[in-house]
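Residues 39 to 372 in my numbering are what the sequence shown lists, from first letter to last.
Just so it is clear, CB atoms sit at the ideal spot from N, CA and C, and this is done for glycine as well.
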Amino acid sequence: MAHTITLIPGDGIGPEVAHATQRVLEASGVRIDWEVQEAGAAIAEKRGTTLPDEVLASIRKNKVALKGPIGTPIGKGFKSVNVTLRQSLDLYANVRPIRSLPGIEPRFEGTDIVIVRENTEDLYAGLELMIMPGVAQSIKLITEKACTRICEYAFEYAVRMQRKRVSVVHKANIMKLSDGLLLECFRKVALRYPRIEPYEIIVDACAMNMVRNANKLDVIVTENLYGDILSDLGAGLVGGLGIVPGANIGLECAVFEAVHGSAPDIAGQGIANPTALIQSGVMMLHHLGEHTAANRIEKALLATFEGGMRTVDLGGAVGTEEFTRAVCEALGRA
Ligand code: ATP
């Protein structure tokens, strides 16, 4: 049976890494009918919006999407497409596995943690106002409902993936009410999972511990902003943004995307590393129940790295096309 999946190529390097990922997924033998939808800067000029209604309708219909990065202009302008998608589809859990690849960043060889980031509220709720000229306010919105369900998701994930510990990352010593609420929900949820060890850590200490001994943290559950920052730190630990995948999961739909942004500085040069989106595609195949194909792609990717292939961001000289071809060839042997 073929899966119908929404594909949003995105901006910047998005179309390049999306095309590479399509080729690898198709080479795995899984049958996918892609429903291509444009969102982001390119469509904004034609349509006056970065997120046309049909994009959301397509994801609601197909339930699953693979998305390339979409840039968000800093300051005034369009609201972030990424944030709007997550809020409109209630994709409340952002799951980002951070794992070392063979031969990349040997200082952090063996790193294997997962960040589960709350995706719908916190300072990303978009509640900002100018109280008076020269004074701006952003509201950090934290609710019991969102904290409870993200903690439940993290513990369920830990059970399903046979992990040992869930670490809640907070700053409740300063933000006693908002982060205090997260901590309170975490403690309540943890009681229902006696086999998983709960661990509490303040966000600044967490940043230091991630660099010294990340694996101790195992599965991290945290608010939107801390999760965003710690994900990039995690990417740095294992070799950079080019290799870290992500999934945005809701009760109805799921959108799979790399942690990195649109990297306009290297767009169109044929040197983008497609690994992060390919790995997001692997997560998507697991979500669809296509475990055999997912495992084969993962094996092919590892074999490609073990064979010494390195894209430019990882210190090599291989371009997107050559890397993708190598993964497809390794897939033929996997
Ligand atoms: P955005 O505004 O969309 O977040 P950005 O350029 O500010 O884009 P990122 O795209 O996340 O932020 O990445 C920062 C830098 O990391 C890029 O400038 C690029 O050099 C590098 N980078 C990110 N992703 C990749 C990739 N897949 N392959 C190679 N280099 C990458």
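Discussion item. In whole angstroms, give me the CA-to-CA distance for I180 and I212.
Written reply: 15 Å
ask   = Applying the criterion that 16 or more other CB atoms from any shown protein chain within 10 Å of the CB defines a buried residue, is R198 buried or exposed?
value = exposed
- Hey, would you say N262 sits closer than 8 Å to Y162, going by beta carbons? yes
Check: Whose C-alpha, out of E54, I51, K117 and A65, is nearest the C-alpha of A82?
Finding: K117
**Message:** Taking the alpha carbon of R188 as the reference point, which residue from R201, V133, L279 and K337 has its own alpha carbon closest?
**Reply:** A small correction: the amino acid at residue 188 is Ile; Arg does not occupy that position in the sequence shown. When only C-alpha atoms are compared, the closest one is V133.
key: Contacts around T42, its chain only, beta-carbon distance under 7 Å, and the 5 residues preceding and following it disregarded   = D71, E73 and N100
Span separating the alpha-carbon of L229 from that of A368
The C-alpha of L229 lies about 45 Å from the C-alpha of A368.
ask   = For the ligand ATP, which residues have a Cβ under 5 Å from at least one heavy atom, in chain order?
value = G109, L279, G280, H298, G299, S300, A301, D303, A310, N311 and D351
Inter-residue CB distance, L45 and L139 (contact presumed, cutoff 8 Å) | In fact, because the Cβ distance is near 25 Å, the residues do not count as touching under 8 Å.
task: Decide if V62 is buried, meaning its Cβ has at least 16 other Cβ atoms within 10 Å, or exposed.
output: buried
>> Contact defined as beta carbons within less than 8 Å: I believe A355 pairs with S66. What is the distance between those atoms, to the nearest angstrom?
In response: The pair is not a contact, with the Cβ atoms about 27 Å apart (cut-off 8 Å).
Let me know the secondary structure DSSP gives P302 once reduced to three states. In the structure shown, P302 sits in a helix (DSSP, three-state: H, G or I).
- Can you list the beta strand (DSSP E) stretches of 3 or more residues lying completely in the segment 218 to 256, in chain order? Whole beta strand (DSSP E) segments, 3+ residues: 235 to 240.
Looking only at DSSP bridge pairs, what is N132 linked to? Answer by DSSP bridge pairing, in chain order: R155 and N286.
On the CB-based measure, 16 or more other CB atoms within 10 Å of its CB, does D160 come out buried or exposed?
buried
message: Quick check: V293 and I97, are their CB atoms within less than 8 Å of each other?
response: yes
Requested in this report: Pair every Cβ in the segment 300 to 312 with every Cβ in the segment 82 to 95, then say whether three or more of these pairs are closer than 8 Å.
Outcome: Counting Cβ pairs under 8 Å, fewer than three are found: no touch.
Notebook entry, point to check: What's the gap between the Cα of M246 and the Cα of M39?
Noted result: 47 Å
Query raised in the report: Roughly how many angstroms separate the alpha carbons of L220 and H325, rounded to a whole number?
Result: The straight-line gap from Cα to Cα measures roughly 27 Å.
*DSSP on L215, reduced to helix/strand/coil?*
coil
Flag this pair as yes or no: are the beta carbons of S300 and D256 separated by less than 8 Å? Going by beta carbons, S300 and D256 fall outside the 8 Å limit.
**OP:** At 3 residues or longer, and completely inside the segment 296 to 349: list those beta strand (DSSP E) runs for me, N to C.
**Re:** Unbroken beta strand (DSSP E) stretches of 3 residues or longer found wholly inside the segment 296 to 349: none.
- Query: If you follow the alpha helix (DSSP H) that L268 is part of, which residue opens it and which one closes it?
  - Reply: N262 to V276
Ends of the beta strand (DSSP E) at E73?
I70 to V74
Just confirm the distance between the C-beta atoms of L268 and I258, as a whole number of angstroms; I'd bet it's less than 8 Å. 7 Å
| said: I need the DSSP call for L161, collapsed to helix, strand or coil. | reply: helix
Cutting at 7 Å between CB atoms, please list the residues of its own chain near Q125, excluding the five before and the five after it. T158
For this session: Leaving out five residues on either side along the sequence, give the residues of the same chain with a beta carbon under 7 Å from the beta carbon of T149.
Result: I136, R137, S138, A252, N253, L275 and V276
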